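What the sequence shown shows, in the numbering used here, is residues 759 to 1072, in sequence order.
No residue lacks a Cβ here, since even glycine has one placed at the ideal position from N, Cα and C.
These numbers were taken from a predicted model, which means no experiment stands behind them.
Since the structure comes first, as structure tokens, the remarks are kept for the end.
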Amino acid sequence: MPGALASVALGLVALYLGAEWLVKGASRLALAWRVAPLVVGLTVVAFGTSTPELLVSVLGAIQGKVDLALGNIIGSNIFNIAFILGLAALLRPLVVKVDLVRREVPVMALVAVVLYLLGSDGILSRLDGALLLAGLITYIWYLYALARQERPEATTEYVEFQKAQGLQGNGTGRNLLLVAGGVLTLVIGAQALLSGSITLARALGVSELVIGLTLVAAGTSLPELATSVVAALRHETDISVGNVVGSNTFNIAGILGLAALLQPIPVPDLGSSYWVMLGVSLLLWVMISTGRLLDRLEAGILLLAYVVFVWQLF
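Dropping the structure here:
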């Protein structure tokens, strides 16, 4: 047991540091290479914070730990919305831009529905994985096309956010080292977290699915937690919400898509977990559609929903 706990702790620290280094290095490189800042925000930052989920779920699928791989994604998406946005909005009510209401949040909910349809036959096949990845690529291309028409002031806002986070595009060599170091640290952290979590699940007598939905999911979502809370405190509320929404979309379309492409994934009975994920996604959509504000009362509802979700698992 002590060894498993140490492995989990080491894995969580390594995943957090690795994701931080990767996001910073990639963001600086993108800006230095004159990639549109808005595209950087909606792709590199949002998807970069999902790299822990990527490594854990892909390695889990390859190693045959399907429950852990699926539980990690489902649990992370629930944690991102109910806990992270709940906490961020509790600290500071989140004003949401209309684009998120009309575009990004509906896409996130749609991807969750597509996952259910593709997995309804009991397996996510390689074809299913390819379809999810193709959808993600189309979505990114769509965002890029929209970004080219973005208002200048929106781009300026994001540049200011990048500066505040220390993400200015300079020092190519140093940034390449940050990216390489981040990837290596993520691989080490993912392996340590997987190994420790499996041992811990067996010692506690709970299923790998439950461990994936809770401990592993929360651990791999640490980068999203840090990014969204810091953004909320700095009044960058659109970044706070956008990071979570982009990460959730990438978790399903990108991570499960890639995992299924590498190794077809049998889809077990997830019980209520899938419906909780879809439910909180739709709840977020409703909340931000009414006045485009996530207030403290709604934050409390989201946090309570997460507590109830974890409680019913045990």
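Taking 7 Å as the cut-off, the Cβ atoms of ASN1001 and THR985 count as close. In the displayed model, VAL964 falls within coil according to three-state DSSP, outside both helix and strand. Spatial neighbours of GLU966 in its own chain (CB-CB distance under 8 Å, excluding positions within 5 residues in sequence) are listed in chain order as LYS823, ASP825, LEU826, GLY829, SER955, ILE956 and ALA959. In the displayed model, PRO810 falls within a helix according to three-state DSSP.
Taking every protein chain shown into account, the CB of SER1030 has fewer than 16 other CB atoms within 10 angstroms, so this residue is exposed. Burial of PRO810 is indicated by the presence of at least 16 other C-beta atoms within 10 angstroms of its C-beta.
In terms of Cα proximity to ILE1046, the closest of LEU1071, VAL854 and LEU768 is VAL854. Nearest in C-alpha terms to SER834, of all of ALA784, ARG992 and LEU983, is LEU983. By the C-beta density criterion, TRP1033 is exposed, having fewer than 16 other C-beta atoms within 10 angstroms.
With respect to the C-alpha of ALA847, the residue from ALA1018, ALA1057 and LEU942 having the closest C-alpha is ALA1057. With respect to the C-alpha of TRP1069, the residue from THR1007, SER998, GLY1015 and THR972 having the closest C-alpha is THR972. The continuous alpha helix (DSSP H) containing ASN835 extends over residues 824 to 836. Spanning the alpha carbons of LEU1042 and VAL964 requires a straight line of approximately 30 Å. As the crow flies, the alpha-carbon of VAL766 is around 12 Å from that of TYR774. CA-CA distance, GLY940 to ALA784, rounds to 10 Å.
For a cut-off of 8 Å, the C-beta gap from LEU843 to LEU1060 is around 6 Å, short enough to register as a contact.
Beta-bridge analysis with DSSP links ILE881 to PRO1024. Excluding five sequence positions before and after LEU1020, the CB atoms of its chain that fall closer than 7 Å to its own CB belong to VAL816, ALA819 and ILE820, given in chain order.
Within the DSSP bridge table, the entry for LEU1052 names LEU852 as partners. Looking from the CA of LEU901, the closest CA among ARG861, SER1005 and LEU768 belongs to ARG861. Of the candidates ILE895, PHE841 and ALA764, the residue whose Cα lies closest to the Cα of PHE1067 is PHE841. Within a 10 Å sphere around the beta-carbon of PRO760 sit fewer than 16 other beta-carbons, which makes this residue exposed.
With respect to the C-alpha of ASN1009, the residue from LEU875, VAL814, GLY769 and ARG786 having the closest C-alpha is VAL814.
For VAL871, the closest of TYR1064, ALA1018 and GLY1037 by C-alpha to C-alpha distance is GLY1037.
Residue burial is scored here from C-beta neighbours: ILE895 has fewer than 16 other C-beta atoms within 10 angstroms and is therefore classed as exposed.
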